[in-house]
Amino acid sequence: MTVINVAESVCVMGNAIEAAKNAYFSKRKKNQRIELKTYNSICFLKTGSVSIYRLENNLLTVSLDAPAILGLAQMRNEFKSHYLRCNTDCDLWTISVPDAINIFNAENLWMHAFDILTWHLQMYFQRENLLSHPKISDIVKEHLRFIW
19 MTVINVAESV CVMGNAIEAA KNAYFSKRKK NQRIELKTYN SICFLKTGSV SIYRLENNLL
79 TVSLDAPAIL GLAQMRNEFK SHYLRCNTDC DLWTISVPDA INIFNAENLW MHAFDILTWH
139 LQMYFQRENL LSHPKISDIV KEHLRFIW
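My numbering numbers the first residue of the sequence shown as 19 and each following residue consecutively.
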């Protein structure tokens, strides 16, 4: 079985995005909302922390600390399902999806993107496992197991 090194994948992809001629740097303030799908982009969170919210009901789904690659889950579909909110001041490198695809192809980064998406999916599965029980007592027990 292959061990996935997500930190390495984030570093490799972050460096590629940061070095891209069409990427741009921005500083975002605490509580600032970021909608990557609206601007058809993905980003490398270099410093800071963000939370990802479901657009439909503003439900917090997961929080991530830098370094992180954000927007991969929405980059190849037409639906806008989530937005980001900065938990702290953040430094971001942003690139358009078409430019990101060109870089991923040219530098053979799709496996790294897959590993990052797999890790994000696992976080969603863990969250659902904590919340998807028929009884409140089961939800509490699952949270206690997680904390333990």
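Yeah, the Cβ is synthetic: ideal placement off N, Cα and C, and Gly gets one too. In this text the structure is predicted, and so the values were computed from the model without any measurement.
Between the CA atoms of residue j and residue i - distance to the nearest angstrom
i, j, result
"residue 36", "residue 22", "23 angstroms"
"residue 126", "residue 79", "30 angstroms"
"residue 102", "residue 96", "17 angstroms"
"residue 61", "residue 111", "5 angstroms"
"residue 83", "residue 64", "9 angstroms"
"residue 51", "residue 107", "12 angstroms"
"residue 141", "residue 163", "16 angstroms"
"residue 133", "residue 165", "25 angstroms"
Assumed close pair residue i, residue j - CB separation to whole angstroms, cut-off 8 angstroms
i, j, result
"residue 105", "residue 59", "With a Cβ gap of about 20 angstroms, residue 105 and residue 59 do not count as contacting."
"residue 30", "residue 138", "The pair is not a contact, with the Cβ atoms about 16 angstroms apart (cut-off 8 angstroms)."
"residue 40", "residue 114", "7 angstroms"
"residue 54", "residue 88", "6 angstroms"
"residue 67", "residue 81", "7 angstroms"
Status (buried if at least 16 other CB within 10 Å, exposed otherwise) for residue i
i, result
"residue 92", "buried"
"residue 27", "buried"
"residue 90", "buried"
C-beta contact flag for residue i and residue j at 9 angstroms
i, j, result
"residue 46", "residue 109", "yes"
"residue 25", "residue 121", "no"
"residue 77", "residue 99", "no"
List in chain order: all unbroken alpha helix (DSSP H) runs of 4+ residues lying wholly within the stretch 28 to 69. none
Which runs of the beta strand (DSSP E) fall wholly inside the stretch 72 to 112 and span at least 3 residues, in chain order? 78 to 83, 86 to 88, 100 to 104
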